[in-house]
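The sequence shown runs 229 to 599 under our numbering.
One structure below.
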Amino acid sequence: MEPHTQAGMADKFLHFAAVECPQDPLYVAICLAVAEQPQLLALLQHAPSTQARPNLLLAALHERVLAGVKHPLAAYYPSVGGTRLPDAALPALLLDFARSQSAELTALLRSRSTQTNEIGRCAVLWPALQQIAQLTGRQDLALFDFGCSAGLNLGVDDYRYNYLLDAGGFSLGAPARTGQAAIDCRWLGELAPPATRPWRLSHRLGADPAPIDVNDAAATRWLAACLWPHDRVRAQRLQLALKQARKARHEVRRADDCLAVLADWLTHLPPQVQPVLFNSWVLAYFEAAALTKFRQQLAQLQRRHGLIWLSAEAPGLRPDGLALPPLAAGASASTLWTLQWVEREVQTNLALAWSHPHGAWLQWCAETLTR
Ligand SMILES: C[S@@+](CC[C@H](N)C(=O)[O-])C[C@H]1O[C@@H](n2cnc3c(N)ncnc32)[C@H](O)[C@@H]1O
């Protein structure tokens, strides 16, 4: 790595500490230590240029800790029961750890990208599917998860959702049972969830260019390593969801062109089934030209198969011409959930909900539905 590149990378770690993770004292301390240490900064030269970012190194270090490496650095990681707070000894321990794990860290940095599969989003996906059943009058829904990672969101109908209101709350989803992933979500704003009508997922399929195999211990450890070490709630529900996914065995396919997989899948669905294309935090990875192509191909599939598109992305990636819905108190413009369908050549776009990127809160926006 050239010296000027290393200085640039040090700045990225300082920025990450100040802006991305100020609420996590361990990650702040690690970022500050890495920024000061050329040998640690040099590790990122093993990563592809598009991936050479602080969170990739943080995840690689975390992965080694989760793998059970015996080293005093582990005492700082709550994810393995560590309770030691960042202190003056951390930079030297970090350097020693990185030296002792250099081959393993290099292999991770070369081959992995930061990847998550956030089932907290299912707290919005569940009422969104309910809305689609309501809208179409169809009971059987076929869910295609585009950019599905490990495919955990395909298990949306098997999790429990506990929605918290200012006073009280309500639950949706599968009946509560032990060993099941449960998601707490604050329900903001005035609008209620869509009316309950029976629906089921009769078909489901996930596709991703780099899917995570839920039966591959190293791959799922990487998924866990991409979470932050102090966030025990997300880590625990990830493990529960992985367990449920191993049992459910929903199909996930590796494909560079996931829309081609969708196009083929649609031709095999029975006519009474309502197909739904779902993507959450995937389109941000697309170049502008790829996004245009995605939209064009999608429009064809919508016309041909009555496909409904449910998209949960940054608001800038919403369907063209859709106005942003007003935000309720406590909400912010982070993830916008939208619906798009085509009927008799007329395209309709609807803003369904705002949500926290990991589903910690949601604000329902589909205005025909009042509580
Ligand atoms: C931030 S993760 C989100 C995973 C999952 N949708 C979720 O909500 O937890 C982004 C996913 O998009 C996938 N991805 C990246 N480029 C893609 C593409 N061109 N087509 C489909 N998926 C893609 C990545 O492999 C990764 O699994």
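Think of the CB as a built atom: it goes at the ideal place given N, C-alpha and C, for glycine as much as any other residue.
Only a predicted model underlies this, so the values are computations on that prediction, with no experimental measurement involved.
Among the options, whose alpha-carbon lies nearest the alpha-carbon of residue i?
i	options	result
R414	F514, H243, W582 and P554	W582
L613	E332, V247, G544 and A245	One cannot answer for residue 613 here, as it falls past the ends of the chain, which runs 229 to 599.
A295	L323, K471, L336 and V489	L336
Q279	E264, K240 and A246	K240
L511	G401, G587 and R523	R523
T406	Q265, E418, L419 and R388	R388
D436	D373, L301, W456 and G383	D373
H601	A559, L363 and W592	Since the first and last residues shown for the chain are 229 and 599, residue 601 lies out of range.
A209	D484, H586 and Q500	No information on residue 209 is available, as it lies outside the stretch 229 to 599 that the chain covers here.
L382	S341, A409, G401 and R432	R432
V297	A326, Q273, P503 and A257	A326
Q525	L505, Y513, W509 and E541	L505
Y513	Q500, E541, L490 and A527	E541
R532	A445, R572, C259 and L468	R572
A601	Q502, Q568 and S508	No information on residue 601 is available, as it lies outside the stretch 229 to 599 that the chain covers here.
H586	T344, A275 and P276	T344
R460	Y305, L550 and V489	Y305
Q575	G534, Q502 and P554	G534
R474	A445, H458, Q500 and P543	A445
L538	L254, V256, S339 and G375	G375
G544	A516, P314, V570 and I536	A516
L590	L313, T342 and L393	L393
L466	I411, C259, L286 and A557	I411
L578	P276, L494, Q273 and I536	I536
N507	L487, P403, L494 and Q273	L487
L286	C259, A302, S277 and Q273	C259
Which same chain residues end up closer than 8 Å to residue i when comparing Cβ atoms and leaving out the 5 residues on each side of it in sequence?
i	result
H496	none
L269	M229, Q234, M237, A238, F241, V262 and A263
A491	Q525 and L529
T364	Q502 and I536
For residue i, I'd like the list of residues in its chain whose CB is within less than 6 Å of its CB, leaving aside the five on either flank, ordered along the chain.
i	result
H232	Any answer about H232 is weak, because its pLDDT of 49 lies below 50 and its placement is not dependable; what the coordinates show is given next. Within the same chain, H232 has no close Cβ partners at all.
Y391	G397, F398, C413 and W415
I440	S377, A378, A447 and L451
R546	L564 and T566
H299	F325
V384	C350, L353 and W354
H478	G379, L382 and R432
G401	W354, Y387, R388 and Y389
A288	L333, L336 and L337
A469	I347, L380 and A409
L481	With the sequence shown as reference, residue 481 is identified as Arg, and Leu is not the correct amino acid for it. If we look at R481 and ignore the five residues flanking it on each side, its Cβ neighbours are A435 and V489.
H458	D252 and P306
On the three-state DSSP scale, how would you describe residue i?
i	result
H431	strand
Y305	coil
T520	helix
L285	helix
T311	coil
L242	helix
A527	helix
D548	coil
P266	helix
V510	coil
A320	helix
N381	helix
L271	helix
S339	helix
I440	coil
D661	No statement about residue 661 is possible, as the shown extent of the chain runs from 229 to 599 and does not include it.
A420	coil
C249	coil
H232	Note that H232 has pLDDT 49, beneath the 50 cutoff, so the model's placement of it is unreliable and no number is given.
L597	Unreliable placement is indicated for L597, whose pLDDT of 43 sits below 50; the coordinate value is still reported in the next sentence. Here L597 sits in coil by DSSP.
According to DSSP, what are the bridge partners of residue i?
i	result
W537	L505 and Q568
G401	R388
S583	T563 and L590
C413	Y391
T576	W569
F374	A435
R460	According to DSSP, which records beta bridges pairwise, R460 is partnered with nothing at all.
R349	Beta-bridge pairing links R349 to no other residue.
V480	G434
L369	L429 and Q502
In its own chain, which residues sit with a C-beta less than 7 Å from the C-beta of residue i, not counting the 5 before and 5 after it?
i	result
Q359	P422, L580 and A594
R599	Low confidence applies to R599: its pLDDT is 28, below 50, so where it sits in the model is not reliable enough to give any reading.
A463	S307, A452 and L455
Q367	A361, P426, W427 and R428
E291	L336, R449, W450 and A453
L323	Q265, Q267 and L268
For a cutoff of 8 Å on Cβ pairs, would you count residue i as touching chain D?
i	result
A238	The displayed structure is made up of one protein chain only, and chain D is not part of it.
Inter-stretch contact (C-beta, 8 Å, three-pair minimum) for the stretch 311–325 and the stretch 347–367: The way I'd put it, the stretch 311–325 doesn't touch the stretch 347–367; fewer than three beta-carbon pairs between them come closer than 8 Å.
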